[in-house]
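Heads up: the structure comes next, in structure tokens.
Number of protein chains: 2
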Amino acid sequence: MYRTHTCGELRKENIGQKVTLCGWVQLKRDKGGMIWIDLRDRYGITQLAAESVNTSAEIVAKIDSVGREFVVQVSGEVIERYSKNDKIPTGDIEIKIEDLKILSESETPPFTIIDNTDGGDELRMKYRYLDIRRNPVKNALMLRHRMAQEIRKYLDAQDFVEVETPVLIKSTPEGARDFIVPSRMNPGEFYALPQSPQQFKQLLMVAGMDRYFQIVKCFRDEDLRADRQPEFTQIDCELSFVEQEDILNIFEGLTKYLFKTVKEVEIDYDFPRMPYVEAMEKYGNDKPDIRFGMTITDISENVKGKDFVVFDSAEYIGGICLPNGSEYTRKQIEELTEFVKIPQIGAKGLVYCKYNADGSFKSSVDKFYTEEDWKTIAAKMDAKAGDMILILAGEKERTLHGLSELRLRLGNELGLRPRDTFAPLWVVEFPLLEYDAESGRYHAKHHPFTSPFEEDVKLFETDPGKIRAKAYDLVINGVEIGGGSIRIFDKDLQALMFKNLGFTKEEAEAQFGFLMNAFKFGAPPHGGIAFGFDRLCSMFGGVDSIRDYIAFPKNNSGRDVMANSPSVISQAQLDELGIKLK
Amino acid sequence: MYRTHTCGELRKENIGQKVTLCGWVQLKRDKGGMIWIDLRDRYGITQLAAESVNTSAEIVAKIDSVGREFVVQVSGEVIERYSKNDKIPTGDIEIKIEDLKILSESETPPFTIIDNTDGGDELRMKYRYLDIRRNPVKNALMLRHRMAQEIRKYLDAQDFVEVETPVLIKSTPEGARDFIVPSRMNPGEFYALPQSPQQFKQLLMVAGMDRYFQIVKCFRDEDLRADRQPEFTQIDCELSFVEQEDILNIFEGLTKYLFKTVKEVEIDYDFPRMPYVEAMEKYGNDKPDIRFGMTITDISENVKGKDFVVFDSAEYIGGICLPNGSEYTRKQIEELTEFVKIPQIGAKGLVYCKYNADGSFKSSVDKFYTEEDWKTIAAKMDAKAGDMILILAGEKERTLHGLSELRLRLGNELGLRPRDTFAPLWVVEFPLLEYDAESGRYHAKHHPFTSPFEEDVKLFETDPGKIRAKAYDLVINGVEIGGGSIRIFDKDLQALMFKNLGFTKEEAEAQFGFLMNAFKFGAPPHGGIAFGFDRLCSMFGGVDSIRDYIAFPKNNSGRDVMANSPSVISQAQLDELGIKLK
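Below, the structure is given as structure tokens:
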């Protein structure tokens, strides 16, 4: 061992001890005869000190030669610091340098290794091994480690078995977003990388494993939206002989356990549950942030038939009530109007009505509506004097989306979305099917093995879009943390499902063949859930981006800018794999 | 929840309780009016009982209709069994069936779900989800789970941080055994799947993570020798500011901890350490099974110059002493002779000398050697009256290999290799370099970052093959469980190493560029180790094959016979990836 202690552990109690530390030079200060070095390792920072006159010339020369990020080994006595630093746990002591050895030199790093670095994103990614030396990234990875350990501890105690499923799996004709891997031993044939271990975890239930989990890499070869990664990590689980209620309870338990052990946040209430339809109507969103109110009210019937053609011609008119918004200036309202007009929202305009402190109303459409009209609307929306009502109109789905975006923006502006407040929520009763206008048929919203509510099965005949699925999402602070479903294990129901999804027997066989075969030999009732682990970590870390919670992430083009990957390969390699470039 | 209890938990204390169980029908017995069902789940087997006369006709009809591997839900009272079964923990009780619901039917499984199944390997793999229902496979996966949890617990307590390294990494020109993955977003470019996270774990040390571990999938696209898998799992670790001694201690500690917690085997001694040279000389093998003796003795100088041309012309003559072997029959000796002549061993013949119980010697080469000669040899080999000396001669390396194989075979025959005895061993001081006759130059035996012994560095000039590396393997019962090395972190030594390996600067840059760049910014002294997790599990399970310790293994052609993968992909997919088949 090169050291007796780490740079994070020496305290007052160690004063007088001879110690040896190793680490990176964070900072060197030279003040007329006294030199201090801040020595850093994963565990902390310890101050080293040398007084030129009392230190050998050889050592002084060495100290002189070390620069930032040099790796050194230092021996000396732990002494009490003259001016203490109460910001770090080692702040009471310093090491009187008696010997110093340079283990490795360092070029000047391309950015400074401090919490608020001067390195831009691209530079940080290129030198990720330096970026990880910085506390924010290091702590993010440590948090991820802690969470992984606690997740396994909880699930292990609940009788879950960790099973590794294959990474080289079958490529399916419909696997358009699969990464594929040519097989050298089987020329012309390919493996795929799993988008999720879905079929394997269901097979494990057929295999009687009862409760399965895995913290597992999954892969998706698609254009990366902001903050998506081609490889990402899931906490993947499946259970037998359970109903939806059991799964929600167990994973609500996991979430509470993690908040408690990792964040020391106690959540002592049941997570609220909200049907999908309610989430859409009230929040315009299937992952509502319920840290704050300002929910949406459908005021279509209150505003139609008053000769305002914009509302009269709209499918839907909805509003949100901005607390204490009556004092908003024209400029502020204009900004909100510009916001709802951006292409991602696409509203034609924003109607407002100020409910003044004196009880009067002032709206942008006073021509069409009376005080009485507004009083009724204000009552319906639970608006109070001093508030402002904001209204969007148009096609229903799009308008709800717009109101949702407006609500979230105002929530941010008003400081109603604090990072250290956590509002978990189960969204339940998702629709089983989703109508796809392009293909003119229904698709499975989740996947084709998701079980419908028994009492809704009859709707296959009349109104498939209304069938509710035993599917659920865990949402925290408006972020989808994970989701899952109870699976169909009855083969007649499965056949009905495939029929309604427009699968021929052959297509179903090609895509789900080995799972369907397995179901012939006694499938237990089962269901599961998967959490996005990268996202869960960043949520716990209070950060929006998942990138710093991944040690070596890729950029938005799927590139590792550090290794410069992907890259070209040699003709010989292509030949051996039996493929060529087009 | 479909059940109140599992099939493994009911005991005498539960008698009188109303319970509901779920599981698979293992067995049904019908004995004139009484019907018993063995109901199985992951946790055990519970007997169900129904007396026709006291059971409703509807339930009796249902019981009649269930067959093997049907999934049923049964409710009833826990009653005392008339004839107890002390082989299972639930053997004192049974459930008096009051209600039974068939959850899933099953076709007749292609093999019986019992410990000693009638299913052949291929069939078991095709229906792996049924195979896993069998105890041996289920228990293997449970053992693997337990080991994974305990490994993490130990390493976490030792300040190791679990960091996920990427699966989509850079393909290098020399990565001939890499699986490669075409990138849709970067046409003409490819990722590779990691053969190990070697470079990433070293980067994490440069990044200051201090102690890293991961239980991680690795990939190798090569012809599969028996019991190799294209994807396999490693316990991968790296540590900073440590010497070889520290790593051996920590991972000896891990191994002992696992033996104790998982196998209840206490190993209360330090693992012996054996230099590579000694392992080769004494065991003919760099992974000696030290559960038994019968070590090899070099008797070249004792047998040469006696006019026996076979020995006189041989580079090396070595022998092993077979205890109590003097009674071996001619037939037994002939079998051994045939054995050493198989192509994998390739000896020309086997010379033997019986050291008879009466003290006389009888050899197959009595023409050339006297009693006195044999007495000297016997003394050197520590042979006793009643033993037999077995001798091979020829090219040294090949002969040692032959003696090793002969020794292991005899060890098996004599029952000297019991599965429940564990003999761990560190093999140390591996050669740094290996001479490759074909290319006429030295290659790194481990990898080019492996550190040589300081005192051997001068041998680069004179005798590179003699340079010892700070590399080590953990061997248990003759099986290599893992290995690692202290890495070079000094750039001058690294340059010397590359030079001696015949790398140009450009080649080194192409293959190890981003790691070498990282080393410019302060690399700590570091080293690591990796254990083969599949192998470690099968060792703990007392089984030679790793296959049953992998949930969904591939066969020797890299095929998943269950999913029938790899498989062809569509032209559209190939087009989108910008590749075509040759």
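Protein chains in written order, with my numbering: chain W, 1 to 582; chain L, 1 to 582. Glycine included, C-beta positions come from ideal geometry on N, C-alpha and C. This one's a predicted model, so the numbers in the text were calculated from it and none came from an experiment.
Residues of chain L with a Cβ closer than 7 angstroms to the Cβ of residue 24/W are, in chain order, 208 and 522. For residue 261/L, there is no enclosing beta strand (DSSP E); the residue is part of the alpha helix (DSSP H) that begins and ends at 244 to 263.
Annotation: residue 207/W to residue 155/L spans about 31 angstroms, alpha carbon to alpha carbon. In the three-state DSSP reduction, residue 316/L falls in the strand class (E or B). Under DSSP, residue 474/L shares a beta bridge with 426/L and 482/L. Not one beta carbon of chain W lies nearer than 8 angstroms to the beta carbon of residue 511/L. Neighbours of residue 179/W in chain L, taken as residues whose beta carbon is under 7 angstroms from its own, are 181 in chain order.
Neighbourhood of residue 242/W in chain L, by CB distance below 9 angstroms: 1 and 2, in chain order. Within the segment 554 to 566 of chain L, 554, 557, 558, 559, 560, 562, 563, 564, 565 and 566 place their CB atoms closer than 9 angstroms to a CB of chain W, listed in sequence order. Straight-line measurement puts the Cα of residue 185/W at about 27 angstroms from the Cα of residue 437/L. At a cut-off of 8 angstroms between beta carbons, residue 580/W contacts chain L. Within its own chain, the residues whose Cβ lies closer than 7 angstroms to the Cβ of residue 250/W, once the five positions on either side in sequence are excluded, are 158, listed in chain order.
Counted as a single uninterrupted DSSP element, the alpha helix (DSSP H) harbouring residue 376/W occupies residues 371 to 381. With respect to the 8 angstroms criterion, residue 390/W and residue 320/W are classified as neighbours on the basis of their beta carbons. For the segment 181 to 200 of chain W, the set of positions with a beta-carbon nearer than 9 angstroms to some beta-carbon of chain L reads 181, 182, 183, 184, 185, 186, 187, 188, 189, 190, 191, 192, 193, 199 and 200 in chain order.
Ranked by Cα distance from residue 143/L, the options 311/L, 582/L and 546/L are led by 546/L. In the three-state reduction of the DSSP assignment, residue 330/W falls in the helix class, which pools H, G and I.
The C-alpha of residue 139/L is placed about 10 angstroms away from the C-alpha of residue 209/W. Taking a contact as a CB-CB distance under 8 angstroms, the pair residue 177/W and residue 198/W does not count as one, their CB atoms being some 14 angstroms apart. A residue is called buried when at least 16 other Cβ atoms come within 10 angstroms of its Cβ; residue 34/L does not meet this threshold and is exposed. For residue 223/L, a Cβ of chain W is located within less than 8 angstroms of the residue's own Cβ. Contact of residue 282/L with chain W is not assigned, every C-beta pair being separated by 8 angstroms or more.
Inter-segment contact for the segment 545 to 564 of chain L and the segment 126 to 139 of chain L is present: three or more beta-carbon pairs are separated by less than 8 angstroms. Residues of the segment 39 to 55 of chain W that bring their beta carbon within less than 9 angstroms of a beta carbon in chain L comprise 40, 41, 42 and 43, in sequence order. Between the C-alpha atoms of residue 56/L and residue 448/W there is a straight-line separation of about 38 angstroms. Counting every other CB atom within 10 Å of its CB across the protein chains shown gives residue 357/W a total below 16, marking it as exposed. Excluding five sequence positions before and after residue 192/W, the CB atoms of its chain that fall closer than 6 angstroms to its own CB belong to 169, 171, 175, 178 and 180, given in chain order. Of the residues 355/L, 532/L and 190/L, the one whose Cα lies closest to the Cα of residue 388/L is 355/L. Comparing alpha carbon positions, the residue from 12/W, 8/W, 14/W and 61/W closest to residue 41/W is 8/W. Annotation: residue 27/L has no Cβ neighbours in chain W at a cutoff of 8 angstroms; minimum Cβ distance is about 14 angstroms. In terms of Cβ geometry, residue 465/W and residue 424/W do not form a close pair [threshold 8 angstroms]. Shown here for residue 253/W: not one same chain residue has a beta carbon closer than 7 angstroms to its own, the five before and five after excluded.
Closest in C-alpha terms to residue 91/L, from the list 62/L, 48/L and 65/L, comes 48/L. In this structure, the CA atom of residue 88/W is about 15 angstroms from the CA atom of residue 82/W.
Within its own chain, the residues whose Cβ lies closer than 6 angstroms to the Cβ of residue 292/W, once the five positions on either side in sequence are excluded, are 411 and 416, listed in chain order. Cβ contact annotation for residue 311/W (same chain, cutoff 7 angstroms, sequence separation greater than five): 303, 304, 317 and 393, in chain order.
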